[in-house]
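Colleague: Numbering (the UniProt record's numbering), first residue to last: 1 to 94.
1. Whole-angstrom Cβ separation of residue 55 and residue 35, contact assumed at under 8 Å?
2. Along the chain, where does the beta strand (DSSP E) containing residue 53 start, and where does it finish?
3. Measuring only the C-alpha atoms, how far is residue 80 from residue 66?
4. Within 10 angstroms of the Cβ of residue 58, are there 16 or more other Cβ atoms? Answer buried if so, exposed if not.
5. To which residues of the same chain is residue 69 closer than 6 Å at the C-beta, ignoring the five residues directly before and after it?
6. Can you check which of these residues, 24, 17, 49, is closest to residue 32 by C-alpha distance?
7. Starting from residue 38, trace the beta strand (DSSP E) both ways and give me its first and last residue.
8. Kindly list the residues whose CB is nearer than 7 Å to the CB of residue 41, restricted to its own chain and excluding five residues on each side of it in sequence; keep chain order.
9. Secondary structure at residue 7, three-state DSSP: helix, strand or coil?
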């Protein structure tokens, strides 16, 4: 789920979020499944992608045949594995 879906601060005058390090320390986040990044959206005026196309490991019954857009990688990405040998493009700082 996107972290931009609800504006908790506007609705309740408070924020509920923790940092990525805080979520790991207090066991709010955990590495529970894998995803494959199959595409991205790069705005012409930007130097890095603003969202990614993700194939989720939960199967094809969810979302759009198992694919979701993702814009929350800064907050939720914990590990990244990529094939360095075949990497012919820039690996974006996400």
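Beta carbons are placed, not taken as given, at the ideal position from N, Cα and C, and that holds for glycine.
Modeller: From the atom records:
1. 6 Å
2. 51–56
3. 20 Å
4. exposed
5. 51
6. 24
7. 35–41
8. 49, 50, 51
9. coil
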